[in-house]
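Below is one structure, written out as C-alpha cells; the observations come after it.
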Amino acid sequence: MLRSIGPVSRFGRSFTAVTATAATLAVTAMSLAASPAAAAPTAAPAAATTARPGDTCTAADLGTRKPYIKSTEVSPTITHFKGWYVTEGTTGNHSVTTSTQTVISVSVGATGGLEGSFPVQTLTAAGASLGLSVKVDASSTSTESNAVTWNFNQPGYYGVYKGTKKVTGTYASLNCNRVQQSGGGWALKWIEGPGGGNFTTFTTLEEGAVRCQDSVPANSIMAKAQGLLDCGSPAAKAERPAGAVPPTAKQKRDRLAQRQAATGGKAAGQPKVAGEPKAGGPGAKAGAPIAKADLSCGSELYRITVPGKPLSWGAPHLRADSVRLRPSTIFSGNLDQWRLCNVTERDGVMEATLWNLGNQACANIFPQNAGTDQTPLMMESPCREDDLQRFYIYRDVPGSSKIGVQNKYTGSMMGHDRYADGESIRQYSSGRQDGTGTYTLNRV
C-alpha cells in the first residue's frame with residue numbers, strides 16, 4: 043500500500059482488491075478423411091496463463107483456446123480528488139467527500155463484455171504477467187465510495203485522493219492446430235488464431251492525502267495527486283478558510299480531458315475482436331443489406347462425431363431446435379450428415395460453412411445470443427454470407443480426423459456439457475477444458 047509521507051498519518055481502512063485468468067475442396071477432403079491416428083504429442087498442454095505461440099498442445103486442446111498477453115501498460119491514475127485546506131485549530135480527523143476525477147471500467151474486447159471464461163482468463167493472465175492483483179469482474183471505479191477519512195495533524199494545503207493502477211494492453215487468442223515442421227513432419231502447436239483486442243482493468247483503490255511540500259515517489263499515485271494541486275500557483279500558497287478548496291483551472295482541464303477520453307469511443311487502429319459488429323453483419327445498422335450466400339459445397343459428406351463413441355452432431359427436424367448429439371441410424375434422415383461449403387484455408391486453419399443434408403440449412407449462432415456463453419448452435423435457412431455461419435476448423439496431425447470447431451464471429455469454441463443423447467452443442471468462450479470440445483470429422 044502506498045502511503046503519504048511526511049507528517050501525515052493514515053486513518054481508516056483501505057479497500058480490499060477484488061481478485062479471482064485457401065486450399066481446394068479436393069485437397070481438404072483428403073486431409074480430413076479418417077485413417078489410423080498418428081501418435082499424439084506426449085507433452086502436457088500449456089497452462090492458460092503461460093501458453094505461448096509455438097508451445098506444444100494435444101488433441102484434447104483442439105476444442106479450446108487460451109489468451110496470450112501481447113503488451114501491457116500500467117498507469118497510476120487518480121479516480122477521486124478534492125483540494126482541502128487545514129488551518130491551525132482545525133487539524134485532526136476529517137471526512138472528505140471527493141469528486142470523481144476519472145472512471146475506469148473493466149473491459150475485454152470491443153464490446154467490453156465479460157461473458158464466459160475467456161475474458162476472465164485474459165485479465166488473470168495480464169495481472170500475472172505484471173505481478174499485480176487486478177479486477178477480473180465487471181466492475182468500475184465509479185462504484186467505489188468517494189469518502190476519505192483522514193487524520194490531518196498539521197495545517198496546510200492538501201490533495202485528498204483515491205487512485206489506482208490502471209492496467210491496459212492487447213491480447214491474442216491462441217488455438218491448437220497442426221503445424222508442419224522443418225523436417226516435413228507434423229506436430230500440434232499453439233498458434234495465434236482469430237480474435238484479439240484490447241483490455242482494461244485496475245488494481246485496488248488506494249486513498250490518502252498529500253501536500254505540495256511532501257516528497258513522493260515519481261510516477262506514483264501520490265505524485266499524480268500532488269500534480270493536481272497545481273502547487274506552483276499563487277493560489278496554492280494563499281490563506282483561505284479551512285475546508286474544501288474549489289478546483290483550479292488545471293484541475294478542471296484535466297478532469298474534462300479525462301471524461302472526453304473515456305467517452306471518445308474506440309481509438310483509431312484498434313484491432314477487430316471476435317464479437318465486434320462489422321458492415322453488413324449482425325449489429326450493423328437496421329436495413330443494411332445482407333448478401334445471400336452462393337454456397338459452393340464439396341461432394342463429400344461428413345459426420346462430426348464424439349471420438350470413439352457413436353453419438354454425432356445431428357441437425358434438428360424443427361428449425362427452432364438446436365444441433366444435438368444424436369445416434370446415427372437408418373432413421374436419422376441424413377440429419378447427421380454435413381457438407382463443408384465455401385472452404386478456404388489460411389496458415390493451416392480451415393474455414394467453412396457447415397451445411398446439413400437432412401434439413402438443407404446451415405449451422406448458425408443467432409445474433410441476439412452471439413455474446414452469451416453456452417448459447418446453443420442452431421440452424422438457419424436460407425444460408426447467408428455471414429460470419430455467424432462461418433467456422434474455423436482446427437485439425438490434428440495428418441492421419442487423425444480429430445478437430446476443434448470455432449465460430450468466426452464470436453470466437454467461441456463448440457462443445458457440449460455432457461455426453462448424452464439429445465445434449466445440445468453449445469459455444470464456450472474458452473472451450474471445454476476437459477477435452478469434450480474435440481470431435482472427429484469422418485467421411486461418410
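First residue of the sequence shown: 43, per this note's numbering; consecutive thereafter. We put the CB at the ideal spot given by N, CA and C, even for glycine.
Which residue comes first and which comes last in the beta strand (DSSP E) that contains residue i?
i    : result
A214 : 198-222
Q469 : 468-470
A229 : 228-244
F123 : 107-128
C404 : 404-406
G487 : As shown, the chain starts at 43 and ends at 486. That puts residue 487 outside it, with no answer to give.
R474 : Looking at the DSSP string, R474 is not in any beta strand (DSSP E), and its letter there is neither H nor E.
Q448 : 444-449
A189 : 189-194
E249 : 248-253
T482 : 481-485
I435 : 433-437
G457 : 455-457
E427 : From DSSP, E427 is part of no beta strand (DSSP E); its letter is neither H nor E.
Along the chain, where does the alpha helix (DSSP H) containing residue i start, and where does it finish?
i    : result
I263 : 263-270
F160 : 159-172
At the level of alpha carbons, what is the spacing between residue i and residue j?
i    : j    : result
G473 : S147 : 26 angstroms
C99  : C218 : 6 angstroms
R437 : S341 : 20 angstroms
Q469 : A394 : 17 angstroms
G464 : M392 : 28 angstroms
S466 : D476 : 17 angstroms
S471 : T129 : 57 angstroms
E318 : G151 : Any reading at E318 is ruled out, since the residue's pLDDT is 36, under 50, leaving its predicted position unreliable.
P259 : K266 : 10 angstroms
G125 : G269 : 11 angstroms
N240 : F160 : 13 angstroms
Q223 : P440 : 13 angstroms
Y203 : V178 : 24 angstroms
N484 : S423 : 24 angstroms
V486 : G169 : 47 angstroms
W228 : G96  : 13 angstroms
D272 : S182 : 27 angstroms
N384 : S171 : 40 angstroms
R94  : A167 : 12 angstroms
T480 : D336 : 29 angstroms
K351 : A180 : 40 angstroms
T371 : L343 : 15 angstroms
R388 : V145 : 41 angstroms
A362 : A403 : 12 angstroms
L247 : G198 : 25 angstroms
R107 : G205 : 34 angstroms
N135 : S187 : 18 angstroms
Y127 : V176 : 33 angstroms
G131 : N261 : 33 angstroms
F433 : G226 : 27 angstroms
F123 : T133 : 19 angstroms
By Cβ distance, which residues of its chain are closer than 8 angstroms to residue i, with the 5 residues on each side in sequence left out?
i    : result
K112 : G211, T212, Y213, A214, G238
G413 : T153, G155, E157, G317, T452
K207 : V116, S117, P118, T119, L174, F244, T245, I263
T114 : A168, S171, L172, V209, T210, G211
Y461 : V348, K351, L353, L367, T478
By Cβ distance, which residues of its chain are closer than 7 angstroms to residue i, with the 5 residues on each side in sequence left out?
i    : result
S137 : A189, T191
I435 : M392, A394, I445, V447
G406 : Checking the sequence shown, residue 406 turns out to be Asn, not Gly. Cβ neighbours of N406 beyond the five flanking positions: M420, M421, E422, L430, Q431.
S46  : Residue confidence for S46 is low, a pLDDT of 38 falling below 50, so the modelled location carries little weight and cannot support an answer.
S184 : T142, V145
T417 : I407, N411, R468, Q469
Grab me the residues of residue i's own chain with a C-beta within less than 6 angstroms of its C-beta, minus the 5 sequence neighbours each way, in chain order.
i    : result
G158 : D415, S471
R368 : G356
P109 : Q163, T164, A167, Y213
T242 : S149, T210
S443 : A76, T482, L483, N484
G400 : A357, G375, N376, L377
Could you check whether the Cβ of residue i sits closer than 7 angstroms to any heavy atom belonging to the ligand ZN?
i    : result
A260 : Among the components of this structure there are no ligands whatsoever, and the ligand ZN is therefore not found.
Would you check if there are 3 or more beta carbon pairs closer than 8 angstroms linking the region 139-158 to the region 218-233? no
Should the region 378-398 be called in touch with the region 351-368, which here means at least 3 C-beta pairs below 8 angstroms? yes
Does the pairing of the region 249-259 with the region 192-205 give three or more beta-carbon distances under 8 angstroms? yes
Threshold first: 4 residues or longer. Then list the alpha helix (DSSP H) segments lying entirely within the region 336-401, N to C. none
With three or more C-beta pairs closer than 8 angstroms as the rule, is the region 394-409 touching the region 421-438? yes
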